[in-house]
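Here the sequence shown stands for residues 60 to 275, numbered as in the working numbering. Glycine included, every Cβ here is placed at the ideal spot set by N, Cα and C. Here's the structure we're looking at; comments come further down.
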Amino acid sequence: MEIIQVQAYVSDEKININQIQQNIYSSSFINMADVERGTNENKELADLLPKALIVILSSVHCLIMLCIILVIPILEVAIGASYRGQCPINPNIPIYLIVTGACGMTTIFLVLVIIAGFIWCVQRNSIAATCTVMCLIFLIASFMILMSLFLFAWFIVGNVWIFGAKKNVQYDSSMDNYCHRTLYEFAFAILIITYVLPVVGCIVQCIRGCCQIKNN
60 MEIIQVQAYV SDEKININQI QQNIYSSSFI NMADVERGTN ENKELADLLP
110 KALIVILSSV HCLIMLCIIL VIPILEVAIG ASYRGQCPIN PNIPIYLIVT
160 GACGMTTIFL VLVIIAGFIW CVQRNSIAAT CTVMCLIFLI ASFMILMSLF
210 LFAWFIVGNV WIFGAKKNVQ YDSSMDNYCH RTLYEFAFAI LIITYVLPVV
260 GCIVQCIRGC CQIKNN
């Protein structure tokens with residue numbers, strides 16, 4: 060009886076594992092299992108693309124996260140444009156928000172182009188299509204690297220503008236050092252979030268790494 064119970068338990072565990080794997084595949088834009096067990100051309104296609112890129116770009120969660128993150132640059136452009144000219148203490152603060160938001164939206168759009176190209180080349184099931192998309196990804200990645208360098212320098216300048224006005228900013232429109240409360244506090248909050256998010260990401264990765272070590 061004990062042997063039968065153990066075998067039944069093992070069978071149940073296998074079923075649960077299979078169900079989990081099916082759930083993972085079902086949360087993707089494309090069925091990656093079909094790519095892996097398809098023709099030789101499919102396998103060559105999968106070999107050309109990095110495994111990490113396949114997992115990230117084929118995930119629905121990636122698209123959801125991009126849509127959520129897109130809200131931030133849209134707000135930056137909207138608030139910067141709405142309150143432009145309402146910050147005499149430093150007229151560059153709304154410009155900082157507009158430029159940062161525009162670059163953020165451009166980055167997300169380019170990532171969506173990469174995802175669309177990835178899905179297209181897998182559906183076309185062609186090495187030529189894959190090479191074309193890889194060239195496109197290389198060009199987009201090169202542009203994004205240059206834009207990242209610009210944003211890094213722009214972020215430093217924004218720190219000087221926004222933190223530099225912190226001690227003297229006033230919310231009374233009759234004052235020379237006036238800045239609209241919504242504009243300044245939003246710009247200040249964006250800078251703080253920019254500092255906090257990488258720290259939170261590092262902490263999460265450290266916790267995940269420790270959990271994986273314990274599980275192994």
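Item, Value
"C-alpha gap between F209 and F247, whole angstroms", "20 Å"
"Separation of T165 from H239, as counted between CA atoms", "27 Å"
"Pick from W220, F214 and R267 that is closest to I252, judged by C-alpha positions", "F214"
"Residues bridged to Y237 (per DSSP)", "Q229"
"Alpha helix (DSSP H) segment containing C190, residue limits", "I186 to G223"
"8 Å Cβ cutoff met for V192 and F177", "yes"
"When V170, Q145 and C261 are compared against S233, the one with the closest alpha-carbon", "Q145"
"Same chain only: Cβ atoms within 7 Å of N227, ignoring 5 sequence neighbours per side", "I148 and N236"
"Where P132 falls, given that 16 or more other Cβ within 10 Å makes a residue buried", "buried"
"Per-residue burial, Y155 [other beta carbons within 10 Å of its own, 16 or more giving buried]", "buried"
"Per-residue DSSP class, three states only, for N149", "coil"
"Residues near I167 in its chain [Cβ-Cβ closer than 6 Å; skip 5 each side]", "L125 and L129"
"C-beta atoms of I173 and I199 nearer than 8 Å", "yes"
"Cβ neighbours of L195 in the same chain (closer than 6 Å, five flanking residues each side left out)", "G176"
"Secondary structure of R183, DSSP reduced to three states", "helix"
"Rounded distance between the beta-carbons of P150 and G139, thought under 8 Å", "Not confirmed; about 11 Å, so no contact."
"L171 versus E244, F222 and I123, residue with shortest Cα-Cα distance", "I123"
"Own chain residues within Cβ distance below 8 Å of L256, not counting five before or after", "none"
"Rounded straight-line distance, which links the Cα of L205 to that of I186", "29 Å"
"Proximity of G223 and L250 at Cβ, strictly below 8 Å", "no"
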